[in-house]
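Peer 1: Below: one structure in structure tokens.
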């Protein structure tokens, strides 16, 4: 697949980032206040004005910071392509790969839809200055693959239609996340920090 097929109208930090920013907002339960973004064009195989690699930082009103990087193309790192973090006053939550999954590659679509493990780091300290609670590695090996995940989403949408479910919160979350990644895209294109 040519990179330009992916980058006709959206950058990777918009197309992919909206999903991860949504999770950042769910984790922090805080209001996003600023977005920083950088990006670059690593190939000429895309439309003018488009870039295929980007990095965003979101700061929240509780002091939390989330970051996300995304890129399309054969030049993307096989190591860093799946590191996602949200860091706040109480600790951090990271999506990490288990040490035993060295065969997973960045061009495997299922590797982009499965978290593999969630690392929960607690910031609380004991009286002696050591961590009061050990890090937790939460296994997510029971996650569905890409197709099964899409099927779950379609089944939920069908149930929402049939049962007239109130999706107001879901819609507000989606719009908020889209607003953040569009601000990140603006930050990339203008070189400015965007206040929300």
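In our numbering, the protein residues as written are 319 to 514. Positions of the beta carbon are idealized from the N, C-alpha and C atoms, including for glycine.
1) Kindly indicate which three-state DSSP category residue 377 falls into: helix, strand or coil?
2) According to DSSP, is residue 326 part of a helix, a strand, or is it coil?
3) Put residue 437 into one of helix, strand or coil per three-state DSSP.
4) Keeping to the same chain, check which residues put their C-beta closer than 7 Å to that of residue 406; ignore five residues upstream and five downstream.
5) With three or more beta-carbon pairs closer than 8 Å as the criterion, would you say the region 325-345 touches the region 480-487?
6) Can you check which of these residues, 435, 479 and 452, is closest to residue 442 by C-alpha distance?
7) Short of 7 Å in beta carbon distance, which residues of its chain neighbour residue 503, apart from the five on each side in sequence? Order them along the chain.
8) Roughly how many whole angstroms lie between the Cα atoms of residue 465 and residue 472?
9) Mind checking who residue 477 pairs with in its DSSP beta bridge?
10) Tell me, please, which residues DSSP counts as bridged to residue 513.
11) For a quick check, are the C-beta atoms of residue 366 and residue 495 less than 7 Å apart?
12) Return helix, strand or coil for residue 346, following the three-state DSSP convention.
13) Using only alpha-carbon positions, find the residue among 385, 349 and 357 that is nearest to residue 378.
14) Where do the N-terminal and C-terminal ends of the beta strand (DSSP E) with residue 412 fall, by residue?
Peer 2: With the structure as the only source:
1) strand
2) coil
3) strand
4) Annotation for residue 406: 346, 380, 381 and 382 place their beta carbon closer than 7 Å to its own, counting only its chain and skipping 5 residues before and after.
5) No, the region 325-345 is not in contact with the region 480-487.
6) 452
7) 329, 331, 332 and 355
8) 11 Å
9) Bridge partners of residue 477: none, in fact.
10) According to DSSP, residue 513 bridges with 352.
11) No, the pair does not count as a contact, with Cβ atoms beyond the cut-off.
12) In the structure shown, residue 346 adopts helical secondary structure according to DSSP, grouped into three states.
13) Relative to the Cα of residue 378, the nearest Cα in the group 385, 349 and 357 belongs to 349.
14) Where residue 412 is concerned, the enclosing beta strand (DSSP E) stretches over 409-414.
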